[in-house]
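Reminder that position 271 of the sequence shown reads as 289 in the numbering used here, one-by-one numbering, no gaps. A short worksheet on the structure shown next.
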Amino acid sequence: MDEAVIRKIVQEVVESLTKSQPAPAVATGGGVGVFQTINEAVRAAVTAQRQLMGMTLEARGRIIEAIRQTARQHAEDFSRRKVEETNMGRLEDEIAKHMTAANKTPGLEILRTEAFSGDHGLTIIEMAPYGVIGAVTPVTHPCPTMINNAISIITAGNSVVFNPHPRSKRVFVYAIDIVNRAIAAAGGPVPLVSCVVEPTLETSRELFNHPDIRLLLVTGGPGVVQEALKSSKKVIAAGPGNPPVVVDETADIPKAARDIIAGASFDNNVMCIGEKVVFAVEPVFDSLRREMIRQGAVELNREQIDALARLAFQVESGPLTFGAVEPRLNRDLVGKNADYLAKQIGLNVPASTRLLIGETAPDHLWVMEEQMMPFVPLVRARNVDHAIEMAVVAERNYGHTAVMHSRNVANMDKMARLMNTTLFIKNGPSGAGLGVGGEGYSSFSIASPTGEGVTTARDFTRQRRCVLVDYFRIT
Ligand code: NAD
């Protein structure tokens, strides 16, 4: 190609990257980063991301710190608004989720440059941003997910446009405005995080297909994962789970009972990692059940279990067996307190009750459906192999999370292999899998269907290889 032509192309590319675009407004929907349309939000996000690229990593670090600080300061404020708007969850647990997102989401330290040096010189692999990311958040934890996703996505040098769950839009819009103001106060460009004021399925489709969105991050149930995967873009999908727990005869039973209650009752079991069903081997089944009751769980009898199941899964008559009926999860019971659930079947339990339990068959709807309520079915297993087999079936191939209480390494190894889940927690509550009481960092988007696992800033980068031939092999 003619040298003049090459020079012209290069000049055009440089100009397109550096010329100052007319800055779009930072808000058309009533708050900084809150827009009437997806298109307006994406346009503003493109400009903010370009500005971010012109800043130093030190400045990016200050922006991340400002987001963390804002999440801590507003943890109670955001939590109260979320509980009020969605009618689900427990205030103290909501606050804990905000603190986890603020404190345990990795920042710049997670982005490491890889280097190879040898006779042919030096090659480095750098983690570069995509540009603008489109993200969808669940109703179960709108702001902790937003904070966690924002820290990861901005750390990687991107901006993000969210389509929050419509039932959490008020708290989301409120928080987006506050986070952007904090970013601006820290010297960052806005809006690095944005959303539409009226999120709908239509706006999520616009987001999934917008030409300036480079990557999608969706966190939610099977519907949103399926819809996002239809788009032609790269997708990171954090989908549903139905975490089973296996308790074998070697487990520390009082500790297992305590951990299961803690994990399953946390935020009324709306967490995707929360313990949803327990398979305990025959020799310890009754002692585990008694220990859970001793530690405050309330046991339901068979009639009560079925009566609550009919309400929870909206099945008026017929069997409550998985596969025999079309259950429709009753959203009005998701994330409600245990005493509220009990009241629905005419049972009064102390308001301090955190968890309801009861024995069921392995194919009961309570076992097989992701119920997101503080009722945990207990299933009797002949032995550990039987328990693991049933746990594999109950997990429904989501590949999300499994828990075991055991001191037998061979049993743990067997379950790890057969479950093949992103998270496998031994001898702790499920939260330990996300760094709460266990080692490691946290995320509110655990991408099992697409394989990224516990997402961090690394997942929002493109690898770029930079090669210097024959120089800089210094030793
Ligand atoms: P949901 O699937 O009803 O909604 C999630 C989000 O997807 C919402 O913003 C919703 O508006 C959107 N959505 C739903 N269907 C859609 C469609 N067809 N097209 C486009 N957008 C759509 O789930 P939820 O009740 O908000 O959240 C609970 C679910 O999310 C549970 O299944 C839980 O396991 C899962 N979850 C997973 C993770 C994870 O990290 N893997 C984290 C939190 C929640």
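Ideal Cβ positions, reconstructed from N, Cα and C, are used throughout, including at glycine.
Can you find at least 3 beta carbon pairs, one from the region 336 to 350 and one from the region 78 to 96, that sit closer than 8 angstroms? Using a C-beta cut-off of 8 angstroms, the region 336 to 350 makes no contact with the region 78 to 96, since fewer than three inter-stretch Cβ pairs fall below that distance.
Using the Cβ count rule (16 or more neighbours within 10 Å means buried), how would you classify L35? The residue given as residue 35 occupies position 17 in the sequence shown. Summary for L35: the model assigns pLDDT 47, below 50, so the residue's position carries little reliability; its value from the coordinates is reported in the next sentence. Classification for L35: exposed.
Complete alpha helix (DSSP H) runs within the region 254 to 288 (minimum length 4 residues, chain order): 271 to 283
What I want to know is whether the C-beta of P184 ends up closer than 7 angstroms to one or more non-hydrogen atoms of ligand 1. The sequence position of residue 184 within the sequence shown is 166, counting from 1. Yes; taking the cut-off as 7 angstroms, the Cβ of P184 has a heavy atom of ligand 1 nearer than that.
Comparing the C-beta of E334 with each C-beta of chain C, is any distance below 8 angstroms? Absent here is chain C; the protein component of the structure consists of one chain.
Identity of the residue in I279, I142 and F226 nearest G449 by Cα: One-based indexing of the sequence shown puts residue 449 at position 431. Comparing Cα positions, the closest option is I279.
Three-way DSSP call (helix, strand, coil) for G449 in this model: Taking the sequence shown and counting its residues from 1, one reaches residue 449 at position 431. G449: helix per DSSP, three-state reduction.
Simplified DSSP assignment, three categories, for P395: As a position in the sequence shown, residue 395 is number 377, starting the count at 1. P395 falls in the strand class under three-state DSSP.
Per DSSP, I236 forms a beta bridge with which residues? If you number the sequence shown from 1, residue 236 lands on position 218. The question names Ile, yet the displayed sequence has Val at residue 236. Answer is V154 and A255, bridged to V236.
Is G353 near ligand 1, going by C-beta to nearest heavy atom under 7 angstroms? Taking the first residue of the sequence shown as position 1, residue 353 is located at position 335. For ligand 1, not one heavy atom lies less than 7 angstroms from the Cβ of G353.
Which whole-angstrom value describes the C-beta separation of T479 and M145, a residue pair presumed to lie in contact below a C-beta threshold of 8 angstroms? By 1-based counting over the sequence shown, the position of residue 479 is 461. By 1-based counting over the sequence shown, the position of residue 145 is 127. About 4 angstroms separates the two Cβ atoms, so the contact holds.
With DSSP as the reference, identify every bridge partner of N366, one or two as the case may be. Looking up residue 366 in the sequence shown gives position 348. Note: N366 sits in no beta bridge, so no partner.
By alpha-carbon positions, which one of E387, K354 and E132 ends up nearest to M106? Here residue 106 refers to the residue found at position 88 when the sequence shown is read from its first residue. Here the closest residue by C-alpha is K354.
Helix, strand or coil at H116 according to DSSP, with G and I counted as helix: Counted from its first residue, the sequence shown places residue 116 at position 98. Three-state result, H116: helix.
Residue span of the alpha helix (DSSP H) that contains T163, given as start and end: Numbered from 1 along the sequence shown, position 145 holds the residue referred to as residue 163. From DSSP, the alpha helix (DSSP H) with T163 extends over P160 to T173.
Which residues DSSP lists as bridging V421, in chain order: As a first step, residue 421 must be located in the sequence shown, where it is residue number 403. DSSP, once it has assigned bridges, lists V263 and I443 as partnering V421.
Is Q67 helix, strand or coil by DSSP? Against the sequence shown, residue 67 aligns to sequence position 49. Three-state DSSP puts Q67 in a helix.
Quick check: does the Cβ of L234 come within less than 7 angstroms of any heavy atom belonging to ligand 1? Here the question's residue 234 lines up with position 216 in the sequence shown. L234: no, Cβ never under 7 angstroms from ligand 1.
DSSP puts T141 in a beta bridge; with which residues? The sequence position of residue 141 within the sequence shown is 123, counting from 1. DSSP, once it has assigned bridges, lists F134 and V485 as partnering T141.
Rounding to the nearest angstrom, what Cα-Cα distance links P345 and A399 in this structure? As a first step, residue 345 must be located in the sequence shown, where it is residue number 327. As a first step, residue 399 must be located in the sequence shown, where it is residue number 381. If you take the alpha carbons of P345 and A399, they lie about 25 angstroms apart.
Ligand 1 and E245: does the residue's C-beta get closer than 7 angstroms to at least one heavy atom of that ligand? Here residue 245 refers to the residue found at position 227 when the sequence shown is read from its first residue. Annotation for E245 indicates a beta carbon within 7 angstroms of some heavy atom of ligand 1.
Give me whichever residues DSSP pairs with S212 in a beta bridge. For the purposes of this step, residue 212 is identified with residue 194 of the sequence shown, where counting begins at 1. Answer by DSSP bridge pairing, in chain order: V179.
Check whether the region 179 to 187 touches the region 151 to 161, counting contact only when three or more Cβ pairs, one atom from each stretch, lie closer than 8 angstroms. yes
Under 7 angstroms: does the beta carbon of F442 sit that close to some heavy atom of ligand 1? Your numbering for residue 442 matches position 424 in the sequence shown. No, the beta carbon of F442 sits no closer than 7 angstroms to any heavy atom of ligand 1.
The alpha helix (DSSP H) enclosing V411, as first and last residue numbers: Against the sequence shown, residue 411 aligns to sequence position 393. For V411, the enclosing alpha helix (DSSP H) begins and ends at V402 to A412.
How about T474 and P124: are their beta carbons less than 8 angstroms apart? Stepping through the sequence shown from its first residue, residue 474 is reached at position 456. Stepping through the sequence shown from its first residue, residue 124 is reached at position 106. Yes, these two residues count as a Cβ contact at 8 angstroms.
Distance, Cα to Cα, V32 vs K26? Your numbering for residue 32 matches position 14 in the sequence shown. Your numbering for residue 26 matches position 8 in the sequence shown. Any answer about V32 is weak, because its pLDDT of 48 lies below 50 and its placement is not dependable; what the coordinates show is given next. So the alpha carbons of these two residues sit roughly 10 angstroms apart.
Three-state class that DSSP yields for A200 in the structure shown: The residue labelled residue 200 in the question sits at position 182 within the sequence shown. Residue state, collapsed to three classes: helix.
Run of the alpha helix (DSSP H) containing A77, from where it starts to where it stops: Stepping through the sequence shown from its first residue, residue 77 is reached at position 59. Residues L75 to Q91.
Beta-carbon proximity list for M391, same chain, < 8 angstroms, skipping 5 on both sides: In the sequence shown, the residue the question calls residue 391 occupies position 373. Within the same chain, M391 has close Cβ partners N286, N287, A330, L351, V352, G353, K354 and L359.
Is it buried or exposed, K361, if we count other Cβ atoms within 10 angstroms and call 16 or more buried? Counting from one through the sequence shown, the residue named residue 361 turns up at place 343. Looking at its Cβ environment, which holds fewer than 16 other Cβ atoms inside 10 Å, K361 is exposed.
Specify whether the region 215 to 223 and the region 163 to 179 touch according to this definition: at least 3 beta carbon pairs, one from each stretch, less than 8 angstroms apart. Between the region 215 to 223 and the region 163 to 179, the count of Cβ pairs shorter than 8 angstroms is below three; the stretches do not touch.
Per DSSP, cross-strand counterpart(s) of G471: The residue labelled residue 471 in the question sits at position 453 within the sequence shown. DSSP output for G471 lists A465 as bridge partner(s).
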